[in-house]
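The structure under discussion appears below in the form of structure tokens.
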Amino acid sequence: MSLDATIGSLKAEISAAVAAAADEGAIEAVRVAALGKKGSVSALLASLGSMAPDERKTAGATINALKTEVTALIEAKASVLKRAALDARLAAERVDVTLPVRAPATAEGRIHPISQVIDEITAIFSDMGFSIAEGPDIETDWYNFTALNFPEGHPAREMHDTFFMAPSPDGVKRVLRTHTSPVQVRTMLKSNEKPEAAYLTPAIDPPIRVVMPGRTYRHDSDQTHTPMFHQVEGLVIDKQSHIGQLRWVLEEFLKAFFEVEAVTLRFRPSFFPFTEPSMEVDVQCDRSGAEVKIGEGTDWLEILGCGMVHPNVLRNCGLDPDVYQGFAWGMGIDRLAMLKYGMNDLRAFFDADKRWLDHYGFRPLDLPTLFGGLSS
Amino acid sequence: MKFTLEWLKDHLDTSLSPDEIGKALTMIGLEVESIEDQGAALQSFVVGHVVSADKHPNADKLRVCKVDAGTGELIDVVCGAPNARTGLKTVFAFPGTFIPGTDFTLTKGNIRGAASNGMLCSARELLLSDDHSGIIELADDAPIGARYVDVAGINGVVFDISLTPNRGDAAGVYGIARDLAAFGAGTLKAFSVPEQVSTGGKGSIPVDLRFGADEPKVCRMFSGRLITGVKNGPSPEWLQTRLRAVGLRPISALVDITNLISLDRARPLHVYDADKLTGGIHARMATPGETVLALDGKTYTLDPSICVIADDAKALGIAGIIGGEPSGCTDETVNVFVESAWFEPDGIAAAGRKLGIVSDARYRFERTVDPESVLPGLEMATWLITMLCGGVVHVPEVAGHVASPRTVIDFPLAEVARLTGLQTPASEIEAILKRLGFALDGTGDRRRVTVPSWRPDVTMKADLAEEIMRMVGVDNVPKEPLPRLHHVAPRMLTTLQNRRRLARRVLAARGLDEAVTWSFISAAEAEQFGGGSADLKLANPIASELTDMRPSLLPGLLGAAQRNTNRGFADLKLFEVGQVFLSLSPSGQHSHASGLRMGGSRHWQGTDTVSVFDAKADLAALLDVLGHDIDKLQLVAEPARWSHPGRGGRVQLGPKTIIGWFGEIHPDLLAAYDLPGPVAAFELDLDALPEPRRKPTRAKTALKLSDLMPLSRDFAFLVDRDVEAAAVLKAARGADKALVSSAEVFDLFDGKGIPEGKKSIAIAVGLQPTDHTLTDEEIDRVSAAIIAAVGKATGGVLRA
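Quick mapping for you: the protein sequence lines, in order, are chains L and S.
When you number the first sequence by our numbering, it's gap-free, plus one each residue, and the end is 410.
When you number the second sequence by our numbering, it's gap-free, plus one each residue, and the end is 792.
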């Protein structure tokens, strides 16, 4: 058989094998049978060695052409088969992407509105140079009342619906603090002793600028009162602070807190034993709709009490009222939260209903700051 | 306190509108609760004549009335009032009328089978008083069909103000007018009572104060006067109308006069039927168990802390609070004894509180009644009684004396500017104080200011500054910015405050919802969580399940879990950061961060149930954000008392510095809270964590990085079942501190092929070469060291 005939039949044979190869394994077998060390094309190439030089020249070209052609043929088919195999694998790996994902154990929880509002208040007052002071929830009668100029037996004490602690062996009368104002006393009254607990911030010399958030308690429970609630108290003591500055501080605070361009406040003379003069403050708002809108409307809503620290309180705290003066205010944190965020039932704050927390709570990274905004 | 515009205008010449007066009242500290145009709301109510009242065929307590309301036809009305009777003139409302007291608009109806085309009204339904005992009874000559407001003279504007405890002077219309006049809202009208000359000589009823040396002198001054031969009966229409408009029920001329003076002058009085008295009258403390049948129809049992007014036989009434029924005046009274006294505010407040009696007298006495009003009040009452009821006036009897403080204050005028920032000229300060009744003398920058008898609340210069500010208006105080700090604000939060804030954020980020629960819990709960001591109980809890200060946050969270579960939400993750109470002293108050997880989700990739390790993971994450690595703290298998004994642990710095607990809630507690298990919980005592050490520099230690690849070798040890994984890991980590960089458990097995009482712990140990690539011999050597160390520490052997 002539070389050409041999090549022709080999080519046909390989072409048929390539065409018949159904998967990557089969085409690899075809490649080995043709181009492997012992393959048919390789054998033909090896036969060149026994040829005469002239013959070798022409036969070499022919055989090499065959090799090139066969290689291309096999590679083309291998490539097709490889793609087909991948397609088949991908098809097999198909999943139903509409299946719900598993909620991770760390799906976000919510921050309680009270905590969020305390952080908001803190952010605002930090800009005005205030620090935070704290006191105990179980207070002595002296800190809660006497030092704050509530005389023994005075009807003003009764306005507070006080929770009393059971009589204690040391004979000291203790109450659950009815307001955060005893922290004022703890902030002003210098003592030689180190505070007995880490959370009790030591008393400081004037000038004083502190805010005092915390839990407070009154023996009262109905739609708008809970036996436990939260207040934030503010105190400024130096040698010249007066009601003009108090008005400014409260107006700026409320503007920043409610995130409105302007608030209109109404200061009404009132009475508290620990301030003189004393005032209650109403904020102008619109109560016509389901939620209260601060900064518009024609209604008034009482929002806080304030005044100049009573000379007797300054005296009780070791400060000379003819030298030092200042103002204080107190407001309900829960109430501020309700006004800003539209909750209508105070009792729900303390019920820990998951649905309420998820609805009214805040995302963990909603950090109130002045540079990033109080609320998103 | 209520009063009408008309009444106010008796004392105040003003052209201001009711709204303007209301605004002025609020601005001077007499906060307006409401301004009501009484006539306006009641325009459509008319006089109706009950022509017949028959029993309802289907209801025993109802009557079917035929009412003539002046329309020319009789109207059927079903009425349940006991006094709905034939011939009565009463108040009728047509269908379509808004009934203010019940807050609805009347429609035609059918009541148990009888048509009802209108309504006969009680005083409460018209918001005139609290009286709902029957429908209003009008005089027989009231014109049928006429507007009720015209007949009853209800056409006034009624102000209701709320008084602070210091303003007894404003508990009368005259005092309110005085304040308004000082504010510039009008001119105070002059008013004087003509002197009452006694024509009857000395009376037959002596008065006396009888207090022991050790008793509080609740009554300081008692005066009274006998008026004989009076003719009592209904008071004149103007007086009845005036009282009715402010919600008082007219009784009789004598009683109405005392009420009028109480409301007008803030000067409570009392009238006794002199013929019902035995001997003289005196004030004394009650004897134990003494009873008084009061004018409200109730019998009060008294004790020696309560002052009474008594005759020689018995207590007549409760001093300064309420009179007694048996000695009261009736239409038959001919001889009346009028009382005008002064009582200690604190004593009256305490007694009123103890007895739970709210009265106009108590309202005034506990706010301090003008001590100089005792005799003028008696004079005014005498004047009105003789004017309306006639009679012969006897000489007043007086016991005791109450001194008006008439405080004199050395007042630097600059105090106004110092405290308020107001720059009020001296002349204006003087004018305001004079209008308020203060007397001034002195010149220059100080005044000596004498306080009027009706303002005992004013005792010092700050009070005077308030008076000026009140009258100038707080809104006129110029706002002034608080000076800015001259430096960047220092850190605002303490370490503990910051820890609480971080704890909240990290726990929320881990999927827990923040709860805020009561600081007080039930005694049973407190005991279950290690509290419940006698001194941490409330003397007056608000509810039987809120009696003890909480020793732990978990009871509150478990209670919340129970409520949520009962609502159908049992898949819960909750935390609280708050205070717990370990003792009475401030140092006994600690901040805890605690949380729980329960439930879990069923999912097509597998179902989650919570376990102790969820709680441990939460605690570890919490500690991490606070700067502590849980693996570097002591972790001991000493569960909290609330924990499953075999599924809980404790984290501590040392045996005496316990900082936290984690575990699954004990099945007994799960049963107590009616919760399906398991519930995983943790507690962290934020106060127990040490303060971070202050370092001289904020620079971190230099970072050393190796260029050499780390490698990992796995070991499986067979150990006794009670060997702790931590012991295995600790031994492995310590086997070659230079080379071993980590050790983690990757498998735990105690099934088939493991001998009874044993378990297999497989750990992966990371090796980090520092200066050269490890040779096989070196790796073998460290492996042997690890096996030896684990064996020595735990008795574990390498699994074949």
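Glycine residues also receive a C-beta, built at the ideal position from the N, C-alpha and C atoms.
- Message: Which residue wins for smallest C-alpha separation from S:Lys47, given the options S:Leu8, S:Arg104 and S:Thr291?
- Response: Translated into the one-based positions of the second sequence, residue 47 of chain S becomes position 55. Measuring from the Cα of S:Lys47, the nearest candidate turns out to be S:Arg104.
- chain L contacts made by the stretch 400 to 416 of chain S, where a contact means CB separation under 9 angstroms: Ala409, Arg410, Leu411, Thr412, Gly413 and Leu414
- Item | S:Ser396 and S:Val366 closer than 8 angstroms at C-beta | In the second sequence, residue 396 of chain S corresponds to position 404, counting from 1. In the second sequence, residue 366 of chain S corresponds to position 374, counting from 1. In this structure, S:Val366 does not lie closer than 8 angstroms to S:Ser396 by Cβ.
- Scan the stretch 662 to 687 of chain S and note each continuous beta strand (DSSP E) run of 3 residues or more that stays entirely inside, going in chain order. 671 to 677
- Please list the segments of the alpha helix (DSSP H) lying wholly inside the stretch 685 to 735 of chain S, counting only runs of 4 or more residues, in order along the chain. 717 to 727
- Contact residues within the stretch 358 to 373 of chain L, judged by C-beta distance below 7 angstroms to chain S: Gln359
- Query: Which value, in whole angstroms, describes the spacing of the CA atoms of S:His3 and S:Ala73?
  - Reply: As a working note, residue 3 of chain S is residue 11 in the second sequence. As a working note, residue 73 of chain S is residue 81 in the second sequence. For S:His3 and S:Ala73, the distance between alpha carbons rounds to 40 angstroms.
- Task: Tell me whether S:Ala612 counts as near the ligand MN, meaning its Cβ is closer than 7 angstroms to at least one heavy atom of that ligand.
- Result: Questions concerning the ligand MN fall outside what the structure shown contains, since it holds no ligand whatsoever.
- Query: What residues in its chain sit with their C-beta under 6 angstroms from that of L:Val206, if we drop five residues either side in the sequence?
  - Reply: The residue given as residue 206 of chain L occupies position 172 in the first sequence. Around L:Val206: Thr174.
- Round the Cβ separation of S:Phe430 and S:Thr416 to the nearest angstrom and send it over; I've been treating them as touching at under 8 angstroms. As a first step, residue 430 of chain S is located in the second sequence; it is residue number 438 there, counting from the start. As a first step, residue 416 of chain S is located in the second sequence; it is residue number 424 there, counting from the start. Contact doesn't hold; Cβ gap of about 15 angstroms is too wide.
- Message: Do L:Pro247 and L:Pro236 have their beta-carbon atoms positioned less than 8 angstroms apart in this structure?
- Response: In the first sequence, the residue the question calls residue 236 of chain L occupies position 202. In the first sequence, the residue the question calls residue 247 of chain L occupies position 213. Going by C-beta atoms, L:Pro236 is not nearer than 8 angstroms to L:Pro247.
- Task: Closer than 6 angstroms by C-beta to S:Glu207: which residues in its own chain qualify, once you throw out the five before and the five after it? Chain order, please.
- Result: Residue 207 of chain S sits at position 215 when you count from the first residue of the second sequence. Hits under 6 angstroms: Met277.
- Is the beta carbon of S:Phe561 sitting closer than 8 angstroms to the one on S:Glu506? Mapped onto the second sequence, residue 561 of chain S falls at position 569. Mapped onto the second sequence, residue 506 of chain S falls at position 514. Against a cut-off of 8 angstroms, the Cβ pair of S:Glu506 and S:Phe561 comes out as no contact.
- Is the shortest distance between the beta-carbon of S:Val210 and the beta-carbons of chain L less than 8 angstroms? For the purposes of this step, residue 210 of chain S is identified with residue 218 of the second sequence, where counting begins at 1. For S:Val210, the answer is no, since every Cβ of chain L falls outside 8 angstroms of its Cβ.
- Message: Less than 8 angstroms between the beta carbons of S:Ile460 and S:Ile421, yes or no?
- Response: As a working note, residue 460 of chain S is residue 468 in the second sequence. As a working note, residue 421 of chain S is residue 429 in the second sequence. Yes. Within cutoff.
- Would you mind stating whether S:Ile127 and S:Cys71 have Cβ atoms separated by less than 8 angstroms? Locating residue 127 of chain S in the second sequence gives position 135, where the first residue counts as 1. Locating residue 71 of chain S in the second sequence gives position 79, where the first residue counts as 1. Yes; because the gap between Cβ atoms is below 8 angstroms, this pair is in contact.
- Task: With 7 angstroms as the C-beta to C-beta threshold (strictly closer), list the residues of the stretch 228 to 244 of chain L near chain S in chain order.
- Result: Glu230, Ala231, Ala232, Tyr233, Leu234 and Thr235
- Taking only beta-carbon positions, decide if S:Lys729 is within less than 8 angstroms of chain L. The residue labelled residue 729 of chain S in the question sits at position 737 within the second sequence. Not one chain L Cβ lies under 8 angstroms of S:Lys729.
- List the residues of chain S whose Cβ lies closer than 7 angstroms to the Cβ of L:Lys91, in chain order. Here the question's residue 91 of chain L lines up with position 57 in the first sequence. Correct list: empty, because the minimum Cβ distance to chain S is about 56 angstroms.
- Message: Helix, strand or coil for S:Cys812? Go by DSSP, reduced to three states.
- Response: Chain S is shown only over -7 to 792; residue 812 of chain S falls outside these bounds and no answer can be derived.
- Message: Counting beta carbon pairs with one atom in the stretch 192 to 205 of chain S and one in the stretch 257 to 273 of chain S, are three or more of them shorter than 8 angstroms?
- Response: yes
- Task: Determine the direct distance from the alpha carbon of S:Ile755 to that of S:Lys784, and round the result to whole angstroms.
- Result: The residue labelled residue 784 of chain S in the question sits at position 792 within the second sequence. The residue labelled residue 755 of chain S in the question sits at position 763 within the second sequence. For S:Lys784 and S:Ile755, the distance between alpha carbons rounds to 16 angstroms.
- Query: In the structure shown, what three-state DSSP assignment does L:Pro311 receive?
  - Reply: The residue you call residue 311 of chain L lines up with position 277 of the first sequence. Of the three classes helix, strand and coil, the one that applies to L:Pro311 here is strand, per DSSP.
- Item | Length of the line joining the Cα atoms of S:Pro578 and L:Ile172 | Numbered from 1 along the second sequence, position 586 holds the residue referred to as residue 578 of chain S. Numbered from 1 along the first sequence, position 138 holds the residue referred to as residue 172 of chain L. Whole-angstrom Cα-Cα distance: 7 angstroms.
- Task: May I have a chain-ordered list of the alpha helix (DSSP H) segments no shorter than 4 residues that lie completely inside the stretch 475 to 522 of chain S?
- Result: 487 to 501 and 515 to 520
- Beta-bridge pairing of L:Thr96 - partner residues as DSSP gives them: On the first sequence, residue 96 of chain L is found 62 positions in, with the first residue counted as 1. Its beta-bridge partners do not exist; DSSP assigns none.
- Query: Taking 8 angstroms as the CB-CB cut-off, is L:Met437 touching chain S?
  - Reply: For residue 437 of chain L there is no data in the structure shown, the boundaries of chain L being 35 and 410.
- For the putative contact between L:Ala157 and L:Leu373, defined by C-beta atoms under 8 angstroms, what is the C-beta separation to the nearest angstrom? The sequence position of residue 157 of chain L within the first sequence is 123, counting from 1. The sequence position of residue 373 of chain L within the first sequence is 339, counting from 1. No, L:Ala157 and L:Leu373 are not in contact; Cβ-Cβ is about 18 angstroms, not under 8 angstroms.
- Message: Give me the subset of the stretch 282 to 293 of chain L whose CB atoms are less than 7 angstroms from a CB atom of chain S, sorted by chain position.
- Response: Trp282, Val283 and Glu285
- Hey, S:Asp29 and S:Val165: beta-carbon distance below 8 angstroms or not? Sequence index remark: in the second sequence, residue 29 of chain S carries index 37 (1-based). Sequence index remark: in the second sequence, residue 165 of chain S carries index 173 (1-based). No. Outside cutoff.
- Report yes or no: do the stretch 111 to 126 of chain L and the stretch 79 to 94 of chain L share at least 3 C-beta pairs separated by less than 8 angstroms? no
- Query: Does any residue of chain S bring its CB to less than 8 angstroms from the CB of L:Arg349?
  - Reply: As a first step, residue 349 of chain L must be located in the first sequence, where it is residue number 315. Chain S contact via Cβ: absent.
- Message: Taking CB distances under 8 angstroms as the criterion, tell me whether L:Gly395 reaches chain S.
- Response: Against the first sequence, residue 395 of chain L aligns to sequence position 361. True, the Cβ-Cβ gap to chain S drops below 8 angstroms.
- Message: For a contact defined as C-beta to C-beta under 9 angstroms, what are the partners of L:Gln279 on chain S?
- Response: Numbered from its first residue, the first sequence carries residue 279 of chain L at position 245. Residues of chain S passing the Cβ test: Gly413, Lys471, Glu472, Pro473, Leu474 and Pro475.
- Item | Residues from the stretch 634 to 649 of chain S in contact with chain L, defined by Cβ distance under 8 angstroms | none
- Just curious, the alpha helix (DSSP H) that L:Leu182 is in, first and last residue? Numbered from 1 along the first sequence, position 148 holds the residue referred to as residue 182 of chain L. From DSSP, L:Leu182 is part of no alpha helix (DSSP H); its letter is neither H nor E.
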